[in-house]
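Undergrad:
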Amino acid sequence: ETGVTQSPTHLIKTRGQQVTLRCSSQSGHNTVSWYQQALGQGPQFIFQYYREEENGRGNFPPRFSGLQFPNYSSELNVNALELDDSALYLCASSPAGGGAGYGYTFGSGTRLTVV
Amino acid sequence: SQKIEQNSEALNIQEGKTATLTCNYTNYSPAYLQWYRQDPGRGPVFLLLIRENEKEKRKERLKVTFDTTLKQSLFHITASQPADSATYLCALDMYNGNKLVFGAGTILRVKS
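Residue numbers (the numbering used here), protein chains in the order written: chain P, 1 to 115; chain A, 116 to 227.
1. Tell me whether residue 83 of chain P sits in a helix, a strand or coil according to DSSP, three-state version.
2. Return the chain-ordered ranges of every beta strand (DSSP E) run that is complete within the region 165-195 of chain A and spans a minimum of 3 residues.
3. Can you find a CB in chain A that lies within less than 8 Å of the CB of residue 64 of chain P?
4. Starting from residue 32 of chain P, trace the beta strand (DSSP E) both ways and give me its first and last residue.
5. Between the alpha carbons of residue 226 of chain A and residue 189 of chain A, how many angstroms are there, rounded?
6. Specify whether the region 31-40 of chain P and the region 173-190 of chain A touch according to this definition: at least 3 beta carbon pairs, one from each stretch, less than 8 Å apart.
7. Residues of the region 100-114 of chain P with a CB closer than 9 Å to any CB of chain A: list them in chain order, please.
8. In three-state terms, what does DSSP make of residue 198 of chain A?
9. Assuming residue 180 of chain A contacts residue 167 of chain A (C-beta within less than 8 Å), just tell me the rounded distance between them.
10. Can you give me, in chain order, the residues of the region 135-154 of chain A that have a beta carbon less than 7 Å from any beta carbon in chain P?
11. Who are the near neighbours of residue 113 of chain P in its chain, counting only those whose CB is closer than 6 Å to its CB and skipping five residues on each side?
12. Taking the C-alpha atoms as reference points, what is the distance between residue 144 of chain A and residue 88 of chain P?
13. Within the 8 Å Cβ cut-off, does residue 95 of chain P reach chain A?
14. Along the chain, where does the beta strand (DSSP E) containing residue 135 of chain A start, and where does it finish?
15. Look up residue 151 of chain A in the DSSP assignment and give the residues it is bridged to.
16. Roughly how many whole angstroms lie between the Cα atoms of residue 44 of chain P and residue 214 of chain A?
17. Residues of the region 176-204 of chain A with a CB closer than 7 Å to any CB of chain P: list them in chain order, please.
18. Once you ignore the five residues that flank residue 93 of chain P on each side, which residues in its own chain have a CB closer than 6 Å to its CB?
19. Does the distance from the C-beta atom of residue 223 of chain A to that of residue 136 of chain A stay below 8 Å?
20. What does residue 73 of chain P pair with, by DSSP beta-bridge criteria?
21. Among the candidates P/71, P/72, P/70, P/90, whose CA atom is the shortest distance from the CA of residue 7 of chain P?
22. Between P/10, P/9, P/17, which lies nearest to residue 79 of chain P when the distance is taken from Cα to Cα?
23. Taking only beta-carbon atoms, is residue 43 of chain P less than 8 Å away from chain A?
24. State the CB to CB distance for the pair residue 75 of chain P and residue 81 of chain P, rounded to an integer number of angstroms; the pair is presumed to be in contact (CB under 8 Å).
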């Protein structure tokens, strides 16, 4: 059984650029969530995808967008990057939509640095 | 909005002792409360989940309690080992929710 795989592991971008982060969910999991974790803080919910539809969104601006594909893998896109977007971006998968009481399986994250 | 407080200072204990970490929350009680372990530069790893109607849950050396009256969960690691050193995150999984609300985490250091 494979876990959650994220790519790339590290990325450096310039302010104003766009970035795409990728995530492959754990086998058998149809729900993918994205979180942003600043240094010394807990992860903050960005959004969740369930069966290719957005299933809830946190307090993030529209320049944060996502996709889920038929194989349940997912992308996070961030446009017009700002310095404050520098963080660890985590993808998590679970076997059902949220609120079902399952533990989430997290990937190791993508460390994004915006300069 | 829901707020979660975990011990802001690192917890330093001696090997073999029991570590106790605290998670306090405001407002509504969650349907489930989850605990994760996070090592530097890695993603959180799921440890235990406790339901609103459960008082206590155990898994090997780990024990979680949940008091909805106090709005508090305690996480215990018995017979702690240096390998238990990590950041431990508390997360609330709300009714009809689709997200986890995390605390900032508590750093645990176990010294041999």
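Backbone N, C-alpha and C define an ideal beta-carbon position, used for all residues, glycine too.
TA: Answer, in terms of the structure:
1. Taking the first residue of the first sequence as 1, we reach residue 83 of chain P at position 83. Three-state result, residue 83 of chain P: helix.
2. 171-174, 177-182, 187-192
3. Your numbering for residue 64 of chain P matches position 64 in the first sequence. No, no contact with chain A.
4. Position 32 of the first sequence, counted from the first residue, corresponds to residue 32 of chain P. Element bounds for residue 32 of chain P: 31-37.
5. Position 111 of the second sequence, counted from the first residue, corresponds to residue 226 of chain A. Position 74 of the second sequence, counted from the first residue, corresponds to residue 189 of chain A. For residue 226 of chain A and residue 189 of chain A, the distance between alpha carbons rounds to 21 Å.
6. no
7. 100, 101, 102, 103, 104, 105, 106, 107, 108, 109, 111
8. On the second sequence, position 83 is the one that residue 198 of chain A refers to. It is helical.
9. Looking up residue 180 of chain A in the second sequence gives position 65. Looking up residue 167 of chain A in the second sequence gives position 52. Their Cβ separation, rounded to whole angstroms, is 13 Å, which puts residue 180 of chain A and residue 167 of chain A out of contact at 8 Å.
10. 146, 147, 149
11. In the first sequence, residue 113 of chain P corresponds to position 113, counting from 1. These residues qualify, in order along the chain: 12, 86.
12. Here the question's residue 144 of chain A lines up with position 29 in the second sequence. Here the question's residue 88 of chain P lines up with position 88 in the first sequence. Looking at the two C-alpha atoms, the distance is approximately 28 Å.
13. Translated into the one-based positions of the first sequence, residue 95 of chain P becomes position 95. Closer than 8 Å: no.
14. Residue numbering aside, residue 135 of chain A sits at position 20 when the second sequence is read from its first letter. Element bounds for residue 135 of chain A: 134-140.
15. Taking the second sequence and counting its residues from 1, the one referred to as residue 151 of chain A is at position 36. Bridge partners of residue 151 of chain A: A/161, A/204.
16. The count along the first sequence starts at 1 and reaches residue 44 of chain P at position 44. The count along the second sequence starts at 1 and reaches residue 214 of chain A at position 99. Each residue's Cα considered, the two are about 9 Å apart.
17. 204
18. Here residue 93 of chain P refers to the residue found at position 93 of the first sequence. 4, 25, 26, 29, 32, 105.
19. As a working note, residue 223 of chain A is residue 108 in the second sequence. As a working note, residue 136 of chain A is residue 21 in the second sequence. For residue 223 of chain A and residue 136 of chain A, yes; Cβs fall inside 8 Å.
20. Taking the first sequence and counting its residues from 1, the one referred to as residue 73 of chain P is at position 73. BP columns for residue 73 of chain P are empty, so no partner.
21. For the purposes of this step, residue 7 of chain P is identified with residue 7 of the first sequence, where counting begins at 1. Comparing Cα positions, the closest option is P/90.
22. Taking the first sequence and counting its residues from 1, one reaches residue 79 of chain P at position 79. Residue 79 of chain P has its Cα closest to that of P/17, out of P/10, P/9, P/17.
23. Position 43 of the first sequence, counting from 1, holds the residue named residue 43 of chain P. Closer than 8 Å to some Cβ of chain A, the Cβ of residue 43 of chain P qualifies, so yes.
24. Residue numbering aside, residue 75 of chain P sits at position 75 when the first sequence is read from its first letter. Residue numbering aside, residue 81 of chain P sits at position 81 when the first sequence is read from its first letter. Not quite, the Cβ-Cβ distance comes to about 16 Å (not below 8 Å), so this is no contact.
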